[in-house]
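Numbering (my numbering), first residue to last: 5 to 60.
We put the beta carbon where it would ideally sit given N, CA and C, even for glycine.
I have placed the structure first, in the form of structure tokens, so that the comments after it can refer back to it.
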Amino acid sequence: MKIKKCELCGSTFECGGITGCWCSRVHLSRRRRMQLSSMAKDCVCPHCILSNTEED
Numbered sequence: 005m006k007i008k009k010c011e012l013c014g015s016t017f018e019c020g021g022i023t024g025c026w027c028s029r030v031h032l033s034r035r036r037r038m039q040l041s042s043m044a045k046d047c048v049c050p051h052c053i054l055s056n057t058e059e060d
């Protein structure tokens, strides 16, 4: 696990990398994923990514 800092809110969180991270199980629409990637170039914390999910 790697400790990262969220680019959106500044909080720290654990990242498990592409193969083992919690974010790999979060469903985001293609449009929402593009929106988030325009706001942050690296990982975002669970709170920010979950507060930014949307129904397809």
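For residue i, three-class secondary structure by DSSP
i, result
"C19", "strand"
Integer-rounded CB distance, given that residue j should sit under 8 Å from residue i
i, j, result
"S15", "C49", "5 Å"
"L12", "M43", "6 Å"
Top-ranked residue by Cα proximity to residue i, from the options
i, options, result
"C52", "R35, R34, V30", "V30"
"C10", "S55, C47, R35", "C47"
"I22", "M38, M5, S55", "M5"
Alpha carbon of residue i to alpha carbon of residue j, nearest angstrom
i, j, result
"I7", "L40", "20 Å"
"W26", "K45", "18 Å"
"S55", "E18", "17 Å"
Within-9 Å CB hit, residue i to chain C
i, result
"R35", "Judged by its chain identifiers, the structure shown contains no chain C, having just a single protein chain."
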